[in-house]
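Heads up: the sequence lines are chains A and B, in that order.
The opening position of the first sequence corresponds to residue 436 in the working numbering, with each subsequent residue numbered one higher.
The opening position of the second sequence corresponds to residue 434 in the working numbering, with each subsequent residue numbered one higher.
Even for Gly, the Cβ is constructed at its ideal location relative to N, Cα and C.
Every value quoted in this text rests on a predicted model; they were computed, and no experiment measured them.
Have a look at the structure below before the remarks.
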Amino acid sequence: MMDRIKELAKSFGLPRLIIAGFLMALFIISPFAGLSITAAITDVAGRFGQNALMVLAMVPMIHSGCGLNFGLPLGIIAGLLGATLAIETGIGGPVSFLLAMLYSTPFAIIFGWGYGKLLNRVKGSEMMIATYVGFSSVAFMSIMWLILPYSSPTMVWGYTGQGLRTTISTEGFYYHILRDTLAIRIGSLQISIAEILFFALFAFIIWAFLHTKTGTAMTAVGSNAVFARASGINIDKQRTLSVIMSTWLGAIGILCYQQGYGFVQLYQGPMYMAMPAVSAILIGGASVNKASITNVIIGTILYQGIVSMTPSVMNSLIHTDMSEVLRIIVSNGMILYALTRKSGASR
Amino acid sequence: MRKELNAAAVRKFAANNIVPIIFIVLCAVCIPIAGYSGTYLVDQIITRIVRNSFLVLSLLIPIMAGMGLNFGMTLGAMAGQIGIIFITAWNVVSIPGLLLAAIIATPIAVLLGWFCGKMLNMARGREMITSYMISFFMNGVYQLVVLYGMGPVIPLSSDQVILPRGYGVRNTIDLLNVRKSIDNFWSIKLFADENGAGGITIPFLTIILIALLCIVIIWFRKTKIGQDMRAVGQDMEVAREAGIKVERTRILAIVISTVFAAYGMIIYLSNMGTLNTYNSHSQIGMFSIAALLVGGASVSKASIKNVFLGIILFHLMFILTPQAGKNLIGQAQIGEFFRVFVSYGVITLALVLYEIRTRREKAESARNLALSQEATA
């Protein structure tokens, strides 16, 4: 019996088990702390819809052996360009969301292509370089947001008429465009079906893609590059393709985030956005060279669950808000764990 | 024939030193635009050298041991900050205060360095990203200790340091007690006007401390343990065959680096005169690494020359760009963003160039090996 439990714990992963247990405990405690469970579930569901796509953006690159996509901010920037261009047109409503997706796509493809080419030249230390590609692109775009000739009054600083605001409201454009569509409302419980369907659509596309011939080739490159080359797969091409996909998913992911969150965050906003996504997929049981859609779903629920539950529970129990600090420790600790694991170190 | 050789040599030199060359050009362009006086710039650069070089020098030893850029130097900076927080709360002034801060920081830095070294031994081949994540992780632990622990758990009661709510350390602490106490201990001023304003200040004691560290590093390279580190840096497996305790040597390299970083941070803070409790350490990590790379260092090779050239060029750019941006476009903000971009961009560029160069060298040596084998066959 003990052995079977141990086996189960091993297959599920000890850190994942601890975090899942912790989240369960939070849910059990919360009614005693005077918090409503339904509100908590609503919150977690909303955060899931907002963030899941950015976590999904990790999957293609992990599959092709490029490691964790610390360069997610690059994809986010493509999304931000799409978002600002869509708002610039002044067309409101659901169309603006489609426009934003449409506009961000060419940027994502171009950025992803260049980023992929770069990563092909630095095989073996992709993650470090990806981190700094992300940082430098955010810093570079900070300059661009100031000098690009945007003119829409909703986005530009009022008194100078030049340079974009640090946060732009999506109100009147695509604010809650998915969140409020097809929402199930029972009392204070609200779960948005459209948001989840939107994620499910992309998750299905990625899942289906990974089972096509090209997708299998991509996985082969990631799991054994020498074998892949021997079977006539163009390694660099597969890797570049995976990077383009990851970058594009990052762009769509940030748009989905903005519609739920309500704001477009420019300048230093995207700087550290890769860390929560990386950490979420690792909590979901992925490793540096292996990830699945299930990892994405479980990871996002666990990570966002903890992020949203800890502050409220802690606040009502001990009247101090250490949640931000705990979040830093848990999420970075998770990344550290994955990096130092033996099986992960094989590549 | 000779001319061709020269051209090739120049090209090779340029390719190997592209980062410093870019910076020299950048600074040369910015100096006239910013329009600062020569004395002001020299004074500023001397200030920056004494402020930062101890920190940047602390990066050299892990590079020697083949562990790349030690992003974990922030751990040392945290230890130094904790020391400074204590002495400010206890009101220990001037040089004795700084010495006490160093004494408090040493065991913390050793412990953190040991932890970091242990982790890096588990993540061989990706030391840099791991040390980077360790600095993030430890930043969380540091915040937990400083923001929640100090007051109730670690007894500290000083209005200057602790927040009005009774626990946690303030966002910024004024270090009036120790401000410039090393620098002013023995310094001279050149070219100042009658009122003593302007001019160039040369703080001798700090310069002596830095020179001492340089000598220690040069000496250290020649000792047994220094030789071991270089051997480990060259090839871990060969070193192990030769009977060197690889794991221990690597941990030692990180511990030494962390302790030096702690001392460096204490010198830095005393020169700055204010402590940004929750920002100083992470900023200093990035700037020190960027400065070292600007000086022409790479992931596997760095010398004392790189440290000083790097600090001069990097900080010259730092001083110039906001003013240049203001004069050029009318917005100092652009200059600020520009220097953040340059700091990150330089690290990216240096890492990418290093990777490309190592791959090329590997391919070349493989080709040479194939050729020589063909010749013998």
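C-alpha gap between residue i and residue j, whole angstroms
i: A:G779; j: B:Y473; result: Confidence at A:G779 is low in this model, with a pLDDT of 39, below 50, so its placement is unreliable and no value can be given for it.
i: B:V779; j: A:M579; result: 18 Å
i: A:M576; j: A:Y702; result: 7 Å
i: A:D756; j: B:R598; result: 13 Å
i: A:E442; j: A:I545; result: 46 Å
i: B:V602; j: B:N712; result: 13 Å
i: B:Q477; j: B:L702; result: 16 Å
i: A:I687; j: A:S539; result: 8 Å
i: B:G505; j: B:L493; result: 13 Å
i: A:F542; j: B:K551; result: 42 Å
i: B:E788; j: B:T563; result: 17 Å
i: A:S627; j: A:G685; result: 21 Å
i: B:L782; j: A:M437; result: 53 Å
i: B:S731; j: B:E769; result: 26 Å
i: B:Q764; j: B:I650; result: 43 Å
i: B:F548; j: B:M511; result: 14 Å
Environment of residue i [buried if 16+ CB atoms lie within 10 Å]
i: B:F771; result: buried
i: B:I767; result: buried
i: A:S714; result: buried
i: A:Q739; result: buried
i: B:D592; result: exposed
i: A:L632; result: exposed
i: B:S491; result: buried
i: A:M459; result: exposed
i: B:I699; result: buried
i: B:Q716; result: exposed
i: A:Y696; result: buried
i: B:T809; result: exposed
i: A:N486; result: buried
i: A:T654; result: buried
i: B:N801; result: exposed
i: B:G659; result: buried
i: A:T595; result: exposed
Test: residue i CB closer than 7 Å to a CB of chain A
i: B:T507; result: no
i: B:Q576; result: yes
i: B:E797; result: no
i: B:E788; result: yes
i: B:Y777; result: yes
i: B:Y581; result: yes
i: B:F720; result: no
i: B:L784; result: yes
i: B:F569; result: yes
i: B:V773; result: yes
i: B:S624; result: A quick correction: the sequence has Phe, not Ser, at residue 624 of chain B. Cβ-Cβ to chain A under 7 Å: no for B:F624.
i: B:G728; result: no
i: B:F456; result: no
i: B:F751; result: no
i: B:I562; result: yes
i: B:I767; result: yes
Minimum Cβ-Cβ distance from residue i to chain B less than 7 Å
i: A:L690; result: no
i: A:S778; result: Residue confidence for A:S778 is low, a pLDDT of 48 falling below 50, so the modelled location carries little weight; the figure read from the coordinates is stated next. So no, A:S778 is outside the interface.
i: A:S747; result: no
i: A:M563; result: yes
i: A:R556; result: yes
i: A:S781; result: Its pLDDT being 30, under 50, A:S781 is placed unreliably by the model, and nothing is read from it.
i: A:G768; result: yes
i: A:V479; result: no
i: A:L624; result: no
i: A:Y772; result: no
Residues bridged to residue i [DSSP beta-bridge criterion]
i: B:N709; result: B:T605
i: A:Q673; result: Answer is none; A:Q673 lacks a bridge partner.
i: B:I722; result: The partner list for B:I722 (beta bridge, DSSP) is empty, contrary to what the question assumes.
i: B:T634; result: B:K622
i: A:T602; result: A:Q700
i: A:L624; result: A:I621
i: A:V591; result: A:L599
Any non-hydrogen atom of the ligand COA within 6 Å of residue i CB
i: B:M583; result: In the structure shown, the ligand COA is absent, as is every other ligand, since no ligand is present at all.
Exercise for the section: Evaluate contact between the segment 454-471 of chain B and the segment 753-760 of chain B, counting only Cβ atoms and requiring at least three cross-stretch pairs below 8 Å. Expected result: Judged by Cβ distances under 8 Å, the segment 454-471 of chain B makes contact with the segment 753-760 of chain B, as three or more pairs qualify.
Practice task
Report yes or no: do the segment 459-474 of chain A and the segment 522-536 of chain A share at least 3 C-beta pairs separated by less than 8 Å?
Solution key: Per the Cβ contact rule, the segment 459-474 of chain A is not in contact with the segment 522-536 of chain A (fewer than 3 Cβ pairs under 8 Å).
Exercise for the section: Check whether the segment 585-604 of chain A touches the segment 510-524 of chain A, taking contact to mean three or more Cβ pairs, one atom from each stretch, closer than 8 Å. Expected result: Taking a contact to require three or more Cβ pairs closer than 8 Å, the segment 585-604 of chain A and the segment 510-524 of chain A qualify as touching.
Exercise for the section: State whether the segment 668-676 of chain B contacts the segment 511-522 of chain B, with contact taken as three or more CB pairs (one from each stretch) at a distance under 8 Å. Expected result: No contact exists between the segment 668-676 of chain B and the segment 511-522 of chain B.
Practice task
Please confirm if the segment 752-771 of chain A is in contact with the segment 706-721 of chain A, defined as three or more CB-CB distances below 8 Å between the two stretches.
Solution key: Below 8 Å, enough C-beta pairs join the segment 752-771 of chain A and the segment 706-721 of chain A to call them touching: three or more.
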